[in-house]
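Participant: Those protein sequences? They're chains R and E, same order as listed.
Take the first sequence: its position 98, counting from 1, is numbered 98 in the numbering used here, and each next residue is one higher.
Take the second sequence: its position 76, counting from 1, is numbered 1076 in the numbering used here, and each next residue is one higher.
2 protein chains.
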Amino acid sequence: MPEDDFDIQGFARDINELLILSALRSEPKHGYQIVLDIENESNGLFRFRHGTLYPILHRLEKEGLIRGTWSKDVGRRKKVYSLTGKGRRHLSGETGRVEDVVSRLVRVLRGPDQAPA
Amino acid sequence: MPEDDFDIQGFARDINELLILSALRSEPKHGYQIVLDIENESNGLFRFRHGTLYPILHRLEKEGLIRGTWSKDVGRRKKVYSLTGKGRRHLSGETGRVEDVVSRLVRVLRGPDQAPA
DNA sequence: GTGGTTATATCGTGACTCTATATATCGGCC
DNA sequence: GGCCGATATATAGAGTCACGATATAACCAC
């Protein structure tokens, strides 16, 4: 009985969300910093544009996975986001699900007649 | 210098295309059979709907990765697709690229402070 | 010859990213 | 002390793609 109900579009969306959440795992950051850190940690592979980043941040905040607060002490306005408990649980759970899906994906792509190296 | 130019939407599209190409690796098949085989080999995880499958098949044929021929010997019309040489090269090359991307993705998601189990 | 299954095809909708544009503030420069 | 590029957040418009609904047609059972 197929339970998973896999959706390729939702999968792509989840990947973007998880990348952002993972960037916040160590400490709270503002949007611009998140982009720079992800780009740096992935050696330039994953790079967010402005028009992609901010809608996702707003969505994550709306879902209660992150919480954003304006820092006013510095003159330049920055919205600093931090992981909520819900967001932290979501991150670890969904990361495991992504790992499961990609391992099964690679297995199907490689096929049965393919020797493991 | 970031060379990769990663695109999450193209990545999702590629996954669908590669799943179909991999189903044709062993032997030529018609559309309906491709869906059943992928669903079977992935234990029900990856399931294509009609409205998803046929546009992708047409696209792959247009790009020269597969070649479709109508089998007329049987009364029921079936369009049987087979991998072209270009398609076979594309499959192995892109599969390697997908494996690379997902391994780097998981590494970023897990983070540096995560011990490898 | 009617109905259910196999099989291919397309159109419309909706979801999502991406490009372009807008706004605002800081620091350096002269 | 005003200009300008870099930092930083925001949104609207366009384009792309999967997905649901619908259409067509031939096979088989009865």
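Don't be surprised by glycine CBs; every beta carbon is placed ideally from N, CA and C.
1. Report the residue ranges of all beta strand (DSSP E) runs contained in full by the stretch 9–74 of chain R; include only those spanning at least 3 residues, in chain order.
2. If you follow the alpha helix (DSSP H) that aspartate 1005(E) is part of, which residue opens it and which one closes it?
3. Taking tyrosine 1054(E) and glycine 1031(E) to be in contact with their CB atoms under 8 angstroms, please state how far apart those CB atoms are, rounded to whole angstroms.
4. Considering only C-alpha positions, which residue in the set Pro112(R), Leu105(R), His90(R) is nearest to arginine 25(R)?
5. Would you kindly check if the distance between the Cβ of threonine 1084(E) and the Cβ of leucine 1018(E) is under 8 angstroms?
6. For the alpha helix (DSSP H) holding threonine 1095(E), just list the boundary residues, first then last.
7. So with Cβ pairs under 8 angstroms, would you call glutamate 1027(E) a contact of chain R?
8. Does the stretch 1101–1113 of chain E touch the stretch 1038–1048 of chain E, meaning 3 or more C-beta pairs lie closer than 8 angstroms?
9. With a threshold of 6 angstroms on Cβ separation, who are the neighbours of alanine 23(R) within its own chain once the five nearest residues in sequence on each side are excluded?
10. Report yes or no: is there a C-beta of chain E within less than 8 angstroms of the C-beta of threonine 95(R)?
11. Does the Cβ-Cβ distance between valine 1080(E) and proline 1028(E) come in under 8 angstroms?
12. Quick one: using the 10 Å Cβ neighbour count with 16 as the cut-off for buried, is glycine 87(R) buried or exposed?
13. Is the CB-CB distance between isoleucine 15(R) and isoleucine 1066(E) below 8 angstroms?
Facilitator: So, to answer that:
1. With a minimum length of 3 residues, the continuous beta strand (DSSP E) runs that stay inside the stretch 9–74 of chain R are 66–71.
2. From DSSP, aspartate 1005(E) is part of no alpha helix (DSSP H); its letter is neither H nor E.
3. Under the criterion of beta carbons closer than 8 angstroms, tyrosine 1054(E) and glycine 1031(E) qualify as touching, at roughly 6 angstroms.
4. Closest in alpha carbon position to arginine 25(R), among Pro112(R), Leu105(R), His90(R), is His90(R).
5. Their beta carbons are not under 8 angstroms apart, which means leucine 1018(E) does not touch threonine 1084(E) by this criterion.
6. Residues 1085–1110.
7. Output row for glutamate 1027(E): interface = no.
8. Segment contact: the stretch 1038–1048 of chain E against the stretch 1101–1113 of chain E, fewer than three CB-CB distances shorter than 8 angstroms; contact not assigned.
9. So the qualifying residues of the chain are Ile34, Asp37, Ile38.
10. True, the Cβ-Cβ gap to chain E drops below 8 angstroms.
11. For the pair valine 1080(E) and proline 1028(E), the CB atoms are nearer than the 8 angstroms cut-off.
12. Counting Cβ neighbours within 10 Å, glycine 87(R) comes out buried, since at least 16 surround it.
13. Their beta carbons are not under 8 angstroms apart, which means isoleucine 15(R) does not touch isoleucine 1066(E) by this criterion.
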